[in-house]
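Take a look at the structure below.
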Amino acid sequence: MENTYRDQKTMEMLAASIHRRCAALDRRIKVMNVCGSHEHSIAEWGLRDLLPEQLELIPGPGCPVCVCAEHDIGEAIQISKMGVTLLSFGDMLRVQTKYGSLMDARSDGADVRIIYSPDDAVAAAVKEPEREFVLFAVGFETTAAPMAALFAQQIPANFSLLTALKLTAPAVEALVVGAPGTNTLDGLLAPGHVAVIAGAQEWGRFPEKYGMPVAVTGFEPVDILTALEMIMRMLERGKVELANEYARYVKPEGNRSAQEWMQKVFRVQRAFWRAVGWVENSGLFLTDTYRDFDARAKYGVCLEDTAGSDVPKGCLCHRVILGQAYPSDCVLFEKTCTMMDPVGPCMVSEEGACHIWSRFGASVARRK
Amino acid sequence: MCLGIPMQIVEIMPPFRATVEIQGVQRAVSIALIADEDLKVGDWLMIHVGSAIAKLDEESAHETLEVLEEVNRLT
């Protein structure tokens with residue numbers, strides 16, 4: 032069935048419809064995606080090549096590794112140097128900060144291990160009860176929910192979480208209202224898997240409060256083109272609403288059981304987004320009930336140093352994350368900053384726009 | 620990290636685990652987040668960092684396909 036969502040003829044048909052609607056509107060249209068997997072699909076399938084020149088498709092703040100605060104990574108490094116095993120998703124290891132990187136810590140002898148799922152992390156702690164394990168919990172709703180659901184089972188006392196979990200919609204909202212004039216967006220492709228958890232409704236604030244068309248969008252090329260077609264139809268007809276293109280997985284109310292777990296395990300607080308700054312109500316931290324599993328309390332780490340620039344010199348990550356610049360606008364892009372030897376976080380992560388553009392070719396990712 | 624992969628249930632191991640498969644690759648995953656869904660072998664799940672986060676709504680999927688096929692016929 033997934034093949035239908037990659038059908039060439041359907042893609043061409045949708046692109047033709049988008050072209051017609053764009054021609055009727057006769058102005059520049061900017062649509063932002065806020066999920067690295069969307070940008071990945073757009074670049075991999077060369078979707079920008081199929082679209083009219085006046086329709087600009089902008090990658091936004093959809094990469095959890097890229098927006099992970101330097102001080103959160105700094106705390107992970109500190110903990111890894113206390114004789115504790117630090118478990119992390121692989122992407123995090125190479126991210127450079129003013130505190131160094133987890134890779135540096137590993138080279139210096141720290142026990143930093145890569146895991147693929149939260150369950151693997153707990154299993155590692157169960158296997159070696161004499162060692163202390165900390166899972167560096169980085170991600171958006173899609174990762175936060177599985178982390179919360181870990182507590183459905185007995186968690187060993189030698190396991191704790193260093194949370195750097197974030198909610199996407201508050202950050203996108205801050206971006207939409209925060210910089211008037213710099214991001215005159217005409218529409219939003221909302222992240223399908225985040226919406227699986229939080230519900231399509233979570234994105235209703237954009238049409239309601241800001242008159243911005245939104246389509247909750249799946250990840251196959253036909254999904255993305257269908258969502259763009261929906262947004263163009265709204266713009267053409269002047270009828271702005273919330274559309275759910277990904278209804279095969281996304282319910283309006285989301286995954287209630289996942290939401291209950293998240294509410295039970297986490298409290299919502301402001302969080303620092305690298306290159307973006309503080310965003311109110313966008314961070315998830317363990318509640319007092321789970322304090323015994325909170326690595327910050329257990330090991331007494333608290334850096335929270337947000338002074339000064341948090342991107343390397345010359346790096347445009349902060350503007351790429353905000354959708355104000357394309358990766359190829361950066362002077363470092365594919366010169367001193369490469370996939371093999373990344374400078375900024377957007378080149379490190381497989382979900383970062385710079386990494387994706389480099390992987391699939393900037394000329395393919397961005398229309399000439 | 621946000622990469623979701625659709626996989627099909629091969630075996631359910633109550634209460635919280637299932638074996639899923641795609642293109643011959645099998646994995647054990649957590650089904651704690653969709654424990655209240657009516658699950659059976661053959662169902663498609665969306666897997667994310669080792670957890671099933673949703674079950675495919677077959678009815679909705681077929682509706683979408685029918686719309687796409689209909690539009691394809693008309694153009």
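Residue numbers (this note's numbering), protein chains in the order written: chain A, 32 to 399; chain B, 620 to 694. Where is the CB? At the ideal position from N, CA and C, for every residue including glycine.
Burial state of residue i, where buried means 16 or more other Cβ atoms lie within 10 Å
i, result
"Y147 (chain A)", "exposed"
"R322 (chain A)", "exposed"
"P222 (chain A)", "buried"
"V629 (chain B)", "exposed"
"M263 (chain A)", "buried"
"E106 (chain A)", "buried"
"R52 (chain A)", "buried"
"K399 (chain A)", "In this predicted model, K399 (chain A) has a pLDDT of only 41, less than 50, meaning its place in the structure is not dependable enough to derive any value."
"H349 (chain A)", "buried"
"P633 (chain B)", "exposed"
"S619 (chain B)", "The requested residue 619 (chain B) is not part of the displayed model; chain B covers only 620 to 694."
"D103 (chain A)", "buried"
"G331 (chain A)", "exposed"
"T199 (chain A)", "buried"
"T173 (chain A)", "buried"
"V374 (chain A)", "buried"
"E335 (chain A)", "exposed"
"N275 (chain A)", "buried"
"E425 (chain A)", "The question about residue 425 (chain A) has no answer here: the residues shown for chain A are numbered 32 through 399."
"E55 (chain A)", "At residue 55 (chain A) the sequence reads Ala, which differs from the Glu that was named. The residue is exposed, with fewer than 16 neighbouring Cβ atoms inside 10 Å."
"N64 (chain A)", "buried"
"M371 (chain A)", "exposed"
"L225 (chain A)", "In the sequence under discussion, the amino acid at residue 225 (chain A) is Val, which differs from the Leu named in the question. V225 (chain A) is buried by the Cβ-count criterion."
"K295 (chain A)", "exposed"
"K351 (chain A)", "A quick correction: the sequence has Val, not Lys, at residue 351 (chain A). Buried is the call here."
"A671 (chain B)", "buried"
"S138 (chain A)", "exposed"
N-terminal and C-terminal residue of the alpha helix (DSSP H) that residue i is part of
i, result
"A637 (chain B)", "It is not in any alpha helix (DSSP H) - A637 (chain B) instead sits in the beta strand (DSSP E) that spans R636 to I641."
"L78 (chain A)", "L78 to L81"
"L45 (chain A)", "Q39 to L56"
"I387 (chain A)", "A384 to F391"
"V374 (chain A)", "Neither: V374 (chain A) is in no alpha helix (DSSP H) and is coded neither H nor E."
Beta-carbon neighbours of residue i, restricted to chain A and to distances below 8 Å
i, result
"S669 (chain B)", "Looking at the sequence shown, residue 669 (chain B) is not Ser but Gly. Correct list: Y147, S148, P149, D150, D151 and P177."
"M665 (chain B)", "H224, V227 and Y280"
"D662 (chain B)", "None at all; the shortest Cβ gap to chain A is about 12 Å."
Terminal residues of the beta strand (DSSP E) in which residue i lies
i, result
"E335 (chain A)", "Careful: E335 (chain A) lies outside any beta strand (DSSP E) and carries neither H nor E."
"S649 (chain B)", "V644 to S649"
"Q627 (chain B)", "I624 to M632"
"M665 (chain B)", "W663 to H667"
"I672 (chain B)", "S670 to K674"
Amino acids of chain A, ordered along the chain, whose beta-carbon sits closer than 9 Å to that of residue i
i, result
"I653 (chain B)", "N286, S288 and A289"
Amino acids of chain B, ordered along the chain, whose beta-carbon sits closer than 8 Å to that of residue i
i, result
"A180 (chain A)", "S649, A651, L652 and S670"
"T194 (chain A)", "Simply none; closest approach about 14 Å."
Cross-chain neighbours of residue i in chain A, by beta carbon under 7 Å
i, result
"D657 (chain B)", "Those within 7 Å of D657 (chain B) in chain A number zero; the least Cβ separation is about 13 Å."
"T638 (chain B)", "Under the 7 Å cutoff, chain A gives no residues; its nearest Cβ is about 13 Å from T638 (chain B)."
Chain B contact residues for residue i, given Cβ-Cβ distances below 9 Å
i, result
"F250 (chain A)", "L622 and G623"
Chain-ordered chain B contacts of residue i [CB-CB under 7 Å]
i, result
"A183 (chain A)", "F635 and A651"
"T318 (chain A)", "Those within 7 Å of T318 (chain A) in chain B number zero; the least Cβ separation is about 18 Å."
"T35 (chain A)", "L684 and L687"
"T215 (chain A)", "Within chain B, no residue comes near T215 (chain A); the closest Cβ sits about 26 Å away, beyond 7 Å."
Inside the segment 137-207 of chain A only - beta strand (DSSP E) runs reaching at least 3 residues: 143-145, 164-170 and 190-197
Pair every Cβ in the segment 111-127 of chain A with every Cβ in the segment 368-379 of chain A, then say whether three or more of these pairs are closer than 8 Å. yes
Which ranges does the alpha helix (DSSP H) cover as unbroken runs of at least 4 residues, wholly within the segment 305-363 of chain A, from first to last along the chain? 326-330 and 348-352
Kindly confirm or deny that the segment 232-242 of chain A and the segment 680-690 of chain B touch, where touching means at least three C-beta pairs closer than 8 Å. no
Length at least 3, wholly inside the segment 64-132 of chain A: the beta strand (DSSP E) runs in chain order: 86-90 and 116-119
Pairing CB atoms from the segment 72-79 of chain A with CB atoms from the segment 92-99 of chain A, are three or more of them under 8 Å? no
Cβ contact check for the segment 245-261 of chain A and the segment 297-317 of chain A: 3 or more pairs under 8 Å: no
Jot down the residue ranges of each uninterrupted beta strand (DSSP E) in the segment 221-290 of chain A, minimum 3 residues, whole runs only, in chain order. 245-248 and 273-275
Can you confirm whether the segment 288-300 of chain A touches the segment 176-191 of chain A when touching is taken to mean that 3 or more C-beta pairs between the two stretches lie within less than 8 Å? yes
Should the segment 159-166 of chain A be regarded as contacting the segment 109-123 of chain A, the criterion being three or more beta carbon pairs within less than 8 Å? yes
Examine the Cβ distances between the segment 312-321 of chain A and the segment 337-356 of chain A and report whether three or more of them are shorter than 8 Å. no
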